[in-house]
Amino acid sequence: MEKIDTTLPTRWRAAYKAALALLESDQPYSDPSDPVARARVQRARTDTRRWIRMQKLLAAAGGLSPVQRFFIDQIPDDWREIDLQRQRRLRTRRE
41 MEKIDTTLPT RWRAAYKAAL ALLESDQPYS DPSDPVARAR VQRARTDTRR
91 WIRMQKLLAA AGGLSPVQRF FIDQIPDDWR EIDLQRQRRL RTRRE
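Take 41 as the starting number for the sequence shown in my numbering and just add one per residue.
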């Protein structure tokens, strides 16, 4: 019986955790009081979304392990819906 390796590379695990943090983050896209922080947050979001997109392409092409594919499948594809959910959460907290 062939043994399947279920360990995930450390860098991949860290990038995945960053992706989840982005999805569940309530950080605003823009903070008018701090342009440097705003640019940093936007850059992090862009980089993370790019990483997720690349992982989804690799998963579709069969370039990821079954374990990595399982984790990537947990991340939704619809960014607009994710953004709307974040905005709704923020609105309910303010009210």
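Here a beta-carbon is modelled for each residue, glycine too, at the ideal position from N, C-alpha and C.
The Cβ-Cβ distance between Y56 and F111 falls below 7 Å. Three or more beta-carbon pairs drawn from the region 111–125 and the region 87–96 are found closer than 8 Å, and the two stretches are therefore classed as touching. In the three-state scheme derived from DSSP, where H, G and I count as helix and E and B as strand, I92 is classed as helix. Burial is judged here by how many other beta carbons sit within 10 angstroms of a residue's own beta carbon; T86 has fewer than 16 and is exposed. Counting along the chain, the unbroken alpha helix (DSSP H) around E121 starts and ends at 119–134. With 16 or more other CB atoms across the displayed protein chains lying within 10 angstroms of its CB, Q108 is buried. Counting C-beta atoms within 10 angstroms of its own C-beta, L62 has 16 or more neighbours from the protein chains shown and is therefore classed as buried. Looking at the backbone, the Cα of A101 and that of W52 are separated by about 18 Å.
Per DSSP, the continuous alpha helix (DSSP H) segment holding I112 begins and ends at 106–113. Secondary structure of T50 (DSSP, three-state): helix.
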